[in-house]
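Numbering (the working numbering), first residue to last: 127 to 627.
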């Protein structure tokens, strides 16, 4: 019925609890807790006719599950375990599906998590909510699409002492976009729900070989903290928004812990963590989800992704260059970013096709996993005879550019209301689609009329320099004194630097 972390396995406790149990047994800093076994869920729903209930809709199943009584003696055992931690101790109650947090699938975020729960009755209510969350539209749809039998997937529940975090977040022990051997850390103030739910723009850190390669301070607009038996969201002060929420030492300690977790599991991991009074805790750990080929291990899939194109061919120079350009523009994309990335690059690829360069469609390169992880595959790139059209490619007259810009600004003004804050959610979605349609058109004009001709000009200038035997110069040297905006700014800054103080 109830088991400790030291006995948690996938079959008895689900993926989340099994991973926590593995970490606990290995001596990692995991908050103490216990698991309500998956067998308890099966006992509770044994007499429900799920197939019949599904004919009335998924909500009918959830309502029926949450209405079931707990087994005899269940309340007393839970009460005894909670009392051992102290009166009125706050806990986190998390779902743990028996098909969850596997390398080949991710149920992350589909089932319920309840924070700041105090008292045995509140814990039992939260457990029922977790059981019911097996039957949300999203969870049912994912199981059907992924080939999991509803009857074969059961739900265990983790009850764990709540860590009142000062700072928390998530960490990928390996870059999920590029596959690079570096840790990516997102961090914010308060409980980790702010980062996991995407409610804030977190601080971001990139770490490799004990060195912080990159840091970006995010807005961290709000924070979530425990307030008695509930959680509350408050605004973050301007001073705390503008400074990093982790010290350099904490970032490096976190990356080191991530490396140890990866080495223990033998694969790249997605880790949720928290700092309390400078003590680091591991709250969850799951494999970074990819899509391995049938019979392929996670590690093999990762290696394949780094050495083969999306169709399985060996990665060449062109493929590597196109892939690098894509991830350079979008080094850490969020799922919503993909809504803009795809149409922009669709137009780029359309422009390339007009001059005989064809690439794997962007929709086949960018993948968003169920847990929100965005990965980018290497494309297949082919160059045909159409590339000779470059010799006759004519750029538009630059004097027309202001008129083109004003036309696009007019279209934007026409679709955006005066005050977006008063617009309903459905209206915001419609405005977003309208704006993305304009972005689509801007991207087409940008690549065909501006970026393309500019790149061609650079190629021609490179040819001229080779003919002139000027290996000491490149095309950018020839553009240095032109009055484009960046050059004007640079010249003015140099002039200011020469002035007397």
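Built from N, CA and C at the ideal position, the CB exists for glycine as well.
If we ignore side chains and look at the alpha-carbon of each, how far apart do residue i and residue j end up?
| i | j | result |
| --- | --- | --- |
| residue 394 | residue 542 | 43 Å |
| residue 321 | residue 313 | 7 Å |
| residue 205 | residue 369 | 42 Å |
| residue 379 | residue 586 | 51 Å |
| residue 165 | residue 402 | 34 Å |
| residue 68 | residue 441 | An answer regarding residue 68 cannot be provided, because it is not within the stretch 127 to 627 covered by the chain. |
| residue 591 | residue 610 | 22 Å |
| residue 182 | residue 271 | 20 Å |
| residue 256 | residue 218 | 12 Å |
| residue 459 | residue 448 | 17 Å |
| residue 596 | residue 304 | 37 Å |
| residue 167 | residue 192 | 11 Å |
| residue 562 | residue 569 | 10 Å |
| residue 326 | residue 254 | 29 Å |
| residue 347 | residue 367 | 7 Å |
| residue 137 | residue 461 | 31 Å |
| residue 200 | residue 319 | 29 Å |
| residue 527 | residue 364 | 40 Å |
| residue 208 | residue 340 | 43 Å |
| residue 598 | residue 360 | 58 Å |
| residue 487 | residue 388 | 33 Å |
| residue 514 | residue 520 | 13 Å |
| residue 481 | residue 607 | 30 Å |
| residue 268 | residue 553 | 28 Å |
| residue 560 | residue 404 | 47 Å |
With C-beta atoms as the reference, is residue i less than 7 Å away from residue j?
| i | j | result |
| --- | --- | --- |
| residue 297 | residue 281 | no |
| residue 351 | residue 295 | no |
| residue 398 | residue 406 | no |
| residue 470 | residue 494 | no |
| residue 474 | residue 573 | yes |
| residue 580 | residue 588 | no |
| residue 342 | residue 330 | yes |
| residue 285 | residue 159 | yes |
| residue 161 | residue 134 | yes |
| residue 578 | residue 477 | yes |
| residue 414 | residue 377 | no |
| residue 175 | residue 197 | no |
| residue 309 | residue 384 | yes |
| residue 172 | residue 258 | no |
Let's test the definition: count the other Cβ atoms within 10 Å of the Cβ of residue i and tell me whether it reaches 16, buried, or not, exposed.
| i | result |
| --- | --- |
| residue 328 | buried |
| residue 421 | Its pLDDT being 41, under 50, residue 421 is placed unreliably in this model, and the value from its coordinates should be taken loosely. Classification of residue 421: exposed, given that the 10 Å Cβ count is below 16. |
| residue 614 | exposed |
| residue 556 | exposed |
| residue 213 | exposed |
| residue 356 | exposed |
| residue 437 | exposed |
| residue 506 | buried |
| residue 202 | exposed |
| residue 374 | exposed |
| residue 426 | At residue 426, the pLDDT of 42 sits below 50, so the modelled position is not reliable; the number obtained from the coordinates is stated separately. Residue 426 comes out exposed. |
| residue 226 | Its pLDDT being 46, under 50, residue 226 is placed unreliably by the model, and nothing is read from it. |
| residue 231 | Its pLDDT being 42, under 50, residue 231 is placed unreliably by the model, and nothing is read from it. |
| residue 626 | exposed |
| residue 149 | buried |
| residue 618 | exposed |
| residue 525 | exposed |
| residue 593 | exposed |
| residue 535 | exposed |
| residue 412 | buried |
| residue 396 | buried |
What whole-angstrom Cβ distance do residue i and residue j have, given they're in contact under 8 Å?
| i | j | result |
| --- | --- | --- |
| residue 489 | residue 468 | 6 Å |
| residue 216 | residue 288 | 4 Å |
| residue 153 | residue 223 | The pair is not a contact, with the Cβ atoms about 26 Å apart (cut-off 8 Å). |
| residue 504 | residue 446 | 7 Å |
| residue 311 | residue 283 | Actually they do not touch by this definition, with Cβ atoms about 28 Å apart. |
For residue i, tell me which candidate among the options has the shortest Cα-Cα distance.
| i | options | result |
| --- | --- | --- |
| residue 522 | 547, 245, 218 and 576 | 576 |
| residue 300 | 139, 607 and 382 | 382 |
| residue 157 | 184, 389 and 400 | 400 |
| residue 262 | 337, 566, 180 and 598 | 180 |
| residue 238 | 472, 265 and 202 | 265 |
| residue 564 | 132, 530, 550 and 283 | 530 |
| residue 292 | 338, 362 and 337 | 362 |
| residue 241 | 302, 487, 198 and 354 | 354 |
| residue 492 | 452, 524 and 518 | 452 |
| residue 151 | 171, 130 and 163 | 130 |
| residue 251 | 274, 324, 210 and 194 | 194 |
| residue 244 | 269, 211 and 267 | 211 |
| residue 279 | 163, 323 and 178 | 163 |
Between residue i and chain D, is the shortest Cβ-Cβ distance under 7 Å, so that the two count as touching?
| i | result |
| --- | --- |
| residue 545 | No chain D appears in the structure shown, which is made up of a single protein chain. |
Looking at residue i and the ligand GTP, is the gap between the Cβ and the nearest heavy atom below 6 Å?
| i | result |
| --- | --- |
| residue 385 | In terms of ligand content, the structure shown is empty, and the ligand GTP therefore cannot be addressed. |
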